[in-house]
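Residue numbers (the working numbering): 74 to 125.
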């Protein structure tokens with residue numbers, strides 16, 4: 074899920090960095106592909122309204 078990625082941020086190996094906490098984004102993830110969302114976040118609700 075691209076929403077869990079930090080835009081333009083990469084680790085020393087070149088892999089993209091992920092948001093690690095809900096304080097900075099409504100979707101967080103890790104390099105294994107696991108993504109969690111905060112369904113109560115305003116930004117998630119705004120994104121969802123654009124999708125449906």
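Using N, Cα and C, we set each Cβ at its ideal position, and we do this for glycine too.
Expressed to the nearest angstrom, what Euclidean distance is found between the alpha-carbon atoms of residue 83 and residue 89?
-> Here residue 83 corresponds to residue number 10 of the chain shown, with the count starting at 1. Here residue 89 corresponds to residue number 16 of the chain shown, with the count starting at 1. Computed Cα separation, rounded: 4 Å.
Endpoints, beta strand (DSSP E) assigned at residue 92 = Taking the first residue of the chain shown as 1, we reach residue 92 at position 19. Careful: residue 92 lies outside any beta strand (DSSP E) and carries neither H nor E.
Which two residues bound the contiguous beta strand (DSSP E) that contains residue 86?
-> Indexing the chain shown from 1 puts residue 86 at position 13. Unbroken run through residue 86: none, as it is neither H nor E.
Can you give the Cα-Cα distance for residue 79 and residue 93, rounded to whole angstroms?
-> In the chain shown, counting from the first residue as 1, residue 79 sits at position 6. In the chain shown, counting from the first residue as 1, residue 93 sits at position 20. Cα to Cα, the separation comes out at about 10 Å.
Would DSSP call residue 114 helix, strand or coil?
-> Indexing the chain shown from 1 puts residue 114 at position 41. If DSSP states are grouped into helix, strand and coil, residue 114 belongs with coil.
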